[in-house]
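Undergrad: Have a look at this one before I ask anything.
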Amino acid sequence: MAVRRDLFPPVLLALLLLAGPGRGAADDASRSYHGHAAIPGCSNKFQLVKVKNWVNGTEGATVVGLTASFGVSVPPNVNEARKAFSVLTDPLDCCSNLTSKLTDSIAIATRGGCPFTAKAENAQAAGAAALLIINDSEELYEMVCNENDTSIDVAIPVLMIPQSAGKNLKDLLDQGAKVEIQLYSPIRPVVELSAGFLLIMAVGTIVCASLWSEFVACEQVDEHYNQLTRQEGPNSGTNHSQDKEIFEISAKGAAVFIVVASVFLLLLFYLMSSWVTWVLIVFFCIGGIEGMHVCLVTIVSRIFKDWGQKTVQIPYFGEVLTLSVGIIPFCMVFAILWVVYRHSSFAWIGQDILGICLMITVLQMARLPNIRVASALLCAAFVYDIFWVFISPLLFHESVMIAVATGDGSGEALPMLLRIPRFFDPWGGYDMIGFGDIIFPGLLVAFSYRFDRAGKKGILNGYFLWLTVGYAVGLFLTYLALFLMDGHGQPALLYLVPCTLGLIVVLGWIRGELPHLWNYGRRSENLGVEQA
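Residue numbers (the numbering used here): 10 to 541.
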């Protein structure tokens, strides 16, 4: 096994950049309005609304709209919502007295020409039961009161619908079709089990990666861990692990990371398009294929020891494991199928499998030598995450991190995250966590396990168990913050770094081992750059 000490290997650097810390939730069903709250009748929460429609008695696709900061709310239960026929306003912009008959009907108007409140008051005066405003884009604009408004008395629901959905309804009405509409806004559950499953997946990935070398690959920790070497276990049955390279992260590399990562993120922000997203999808697939290949070869070699020793000569590649020849095509087909069906309802399963395999492999390949380097890396990532989520909107008018993570209108979301559907949420969506939120703390948790094993520490007087619990607590706090902040994206490392790095520093200080943790392995720098 070779140990290399450089800033970052190119492959690992690319992974850390692409696996930028991600946010963890789908869009919330409601969020607070902080605009002209002093104006009476203009302080409602913005709520997503399901717009069910029937065309000549046949049910169509449900549309999602967004309520205004004024008007009344819609029922939360579909059984409480009543159907009403829809009518186009005349004039269509609903900016003057209406000539169309709207009594107990749902009025449909276009955006523009006058304030939203004027449209709502005109529709209400004509007897409309609700007002749907067709936006001039696919985004759902937050309709607020005009600065000149002194008091708003709108007693009907007012909501905006996307341009494409509104145009479809308008065309149907122009053709003489009878369109019935039903409005309701189901309440999003406070506790969603998918968040718990995601927490288990993230914690399980870190624990699995930490224990992988000893219990799966059957490598044993060398007592001279300060040289960052490993010895092959007697039962491994393989010899290919002898060529395995371990990249030791340096403090200088941690400092360089935040600069390079920021530049890379800005490039994605300004150049984000469908072809850029496709490049990142290809990189993800290449990394996922390699990660799945390494994991499967290790597991199969562990179960069938003889299979891990048979090799075959292949032109250009030289001598390779026969097992790899069979497994790599399987991994490639798996990744290709995920790309083909990535928009299907079950695609998250393939994405999570590829991602978990990739992260386990990365956590085996890259290691932290001590808490000094861990502090440099995690503190840099901590600042990086907070700046690009919370501070970047002040400079770029939107959160650069969230814009990049969601694809910024490219039509494709970045795949460098674990996600799981919100199974019991009537609004659907996904809970998710970026690879960076697992890899960065995972490097520290994996270090704590090797430190405990080298020092022959028990479970309770070691650090691995407590850091694993700390990571789980930090992830829980992230989702709690998402709930308290009305679903606005949160930098997960804001909570994960104090709960892992902060915890090991405090525990080390209490136990009197902090100097040992801080300088652990530094003597190896004088023993040569590479050891077998």
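Backbone N, C-alpha and C fix where the C-beta goes; we use that ideal spot for every residue, glycine too.
Thinking just about the alpha-carbon of each residue, which of 215, 457, 303 and 337 is nearest to the one in residue 448?
TA: Checked all of 215, 457, 303 and 337; the closest Cα to residue 448 is 215.
Undergrad: Which class does residue 306 belong to by DSSP, given the choice of helix, strand or coil?
TA: Correct three-state label for residue 306: helix.
Undergrad: Within the same chain, show all residues whose beta-carbon is closer than 8 angstroms to that of residue 505, passing over the 5 residues directly before and after it, in chain order.
TA: Within the same chain, residue 505 has close Cβ partners 446, 449, 450, 480, 483, 484 and 487.
Undergrad: Measure the C-alpha to C-alpha separation of residue 131 and residue 81 and round it to an integer number of angstroms.
TA: Roughly 16 angstroms separates the two Cα atoms.
Undergrad: With H, G and I counted as helix, E and B as strand and the rest as coil, what does DSSP make of residue 397?
TA: Of the three classes helix, strand and coil, the one that applies to residue 397 here is helix, per DSSP.
Undergrad: Mind checking residue 78: buried by the 16 CB within 10 Å criterion, or exposed?
TA: Buried, by the Cβ-count rule.
Undergrad: Note down, in chain order, each residue of its chain lying with its Cβ closer than 8 angstroms to the Cβ of residue 144, except the 5 sequence neighbours on either side.
TA: Once the five neighbours on either side are set aside, the close Cβ partners of residue 144 are 120, 150, 169, 170, 171, 172 and 175.
Undergrad: So what's residue 569 in DSSP terms, helix, strand or just coil?
TA: Lying before the first or after the last residue shown, residue 569 is absent from the chain, which here runs from 10 to 541.
Undergrad: Inspect the CB distances between the stretch 293-306 and the stretch 364-384 and report whether three or more fall short of 8 angstroms.
TA: Output reads yes: the stretch 364-384 touches the stretch 293-306.
Undergrad: Could you say which of 500, 453 and 434 lies nearest to residue 197 if we only look at CA atoms?
TA: Selected option, being the one with the closest Cα: 434.
Undergrad: Per DSSP, which residues does residue 61 bridge with? Please list them.
TA: Paired residues: 191.
Undergrad: Based on DSSP bridge pairs, tell me the residues matched to residue 169.
TA: DSSP output for residue 169 lists 75 and 142 as bridge partner(s).
Undergrad: By a C-beta neighbour count over all protein chains shown, 10 Å radius and 16 as the cutoff for buried, is residue 35 buried or exposed?
TA: The pLDDT assigned to residue 35 is 41, lower than 50, so where the model puts this residue is not dependable; a value taken from the coordinates is nonetheless given after this. Under this definition residue 35 is a buried residue.
Undergrad: Determine the DSSP secondary structure at residue 365, reduced to helix, strand or coil.
TA: Helix at residue 365.
Undergrad: Below 8 angstroms on the Cβ atoms is my contact criterion, and I expect residue 277 with residue 288 to pass it. Report the Cβ-Cβ distance as a whole number of Å.
TA: In fact, because the Cβ distance is near 10 angstroms, the residues do not count as touching under 8 angstroms.
Undergrad: Is the stretch 299-313 touching the stretch 328-343 in the sense that three or more CB pairs, one from each, lie closer than 8 angstroms?
TA: The answer is yes - the stretch 299-313 touches the stretch 328-343, with three or more Cβ pairs under 8 angstroms.
Undergrad: State the DSSP-derived secondary structure class of residue 423, mapped to helix, strand or coil.
TA: In the structure shown, residue 423 sits in coil (DSSP, three-state: anything other than H, G, I, E or B).
Undergrad: With 16 as the cutoff for other CB atoms within 10 Å, does residue 359 come out buried or exposed?
TA: Buried, by the Cβ-count rule.
Undergrad: For the 8 angstroms Cβ check, are there 3 or more pairs between the stretch 175-192 and the stretch 407-416?
TA: No: the two stretches stay apart, fewer than three of their Cβ pairs being nearer than 8 angstroms.
Undergrad: Excluding five sequence neighbours on each side, which residues of the same chain lie with their C-beta closer than 7 angstroms to the C-beta of residue 323?
TA: So the list reads 329, once near-sequence residues are dropped.
Undergrad: Report all residues from its chain with a CB closer than 7 angstroms to the CB of residue 114; omit the five preceding and five following residues, and keep chain order.
TA: Around residue 114: 93, 94, 95, 96, 137 and 138.
Undergrad: Roughly how many angstroms separate the alpha carbons of residue 523 and residue 349, rounded to a whole number?
TA: Spanning the two alpha carbons is a distance of roughly 50 angstroms.
Undergrad: Please look up how many angstroms separate the CB atoms of residue 207 and residue 442, rounded, as I've assumed it's under 8 angstroms.
TA: Contact flag correct, Cβ pair sits at about 6 angstroms.
Undergrad: Among 436, 422, 421 and 440, which residue has its Cα nearest to the Cα of residue 429?
TA: It is 440.
Undergrad: Taking the alpha-carbon of residue 343 as reference, which of 302, 375 and 382 has the nearest alpha-carbon?
TA: Among 302, 375 and 382, the Cα nearest to that of residue 343 belongs to 302.
Undergrad: Please go through the same chain and pick out, in chain order, the residues whose beta-carbon is closer than 6 angstroms to the beta-carbon of residue 243, but skip the five residues on each side of it.
TA: At residue 243, the pLDDT of 40 sits below 50, so the modelled position is not reliable and the matter cannot be decided from this model.
Undergrad: With a threshold of 8 angstroms between beta-carbons, can residue 315 be considered close to chain D, or not?
TA: Of the protein chains in this structure there is only one, and it is not chain D.
Undergrad: Does the stretch 82-90 touch the stretch 188-196, meaning 3 or more C-beta pairs lie closer than 8 angstroms?
TA: Output reads yes: the stretch 82-90 touches the stretch 188-196.
Undergrad: Just confirm the distance between the C-beta atoms of residue 377 and residue 453, as a whole number of angstroms; I'd bet it's less than 8 angstroms.
TA: Residue 377 to residue 453, Cβ: 6 angstroms. Contact.
Undergrad: Closest by CA to residue 391, which one among 508, 321 and 339?
TA: Residue 508 is the option with its Cα nearest to residue 391.
Undergrad: Give every residue of the same chain whose Cβ lies closer than 8 angstroms to the Cβ of residue 58, excluding the five residues on either side of it in the sequence, and list them in chain order.
TA: Here the set comprises 73, 74, 75, 76, 83, 166, 168, 192, 193 and 194.
Undergrad: Any heavy atom of the ligand FMN inside 7 angstroms of the beta-carbon of residue 486?
TA: Ligands displayed in this structure: none; no statement on the ligand FMN is therefore possible.
Undergrad: DSSP beta-bridge partners for residue 94?
TA: Paired residue(s): 189.
Undergrad: For residue 455 and residue 511, I'd like the C-alpha separation in whole angstroms.
TA: Distance between the alpha carbons of residue 455 and residue 511 is about 16 angstroms.
Undergrad: Just to confirm before moving on: does the CB-CB distance between residue 266 and residue 386 stay below 8 angstroms?
TA: Contact flag set, yes.
Undergrad: Answer yes or no: do residue 64 and residue 186 have a C-beta to C-beta separation smaller than 8 angstroms?
TA: Yes; because the gap between Cβ atoms is below 8 angstroms, this pair is in contact.
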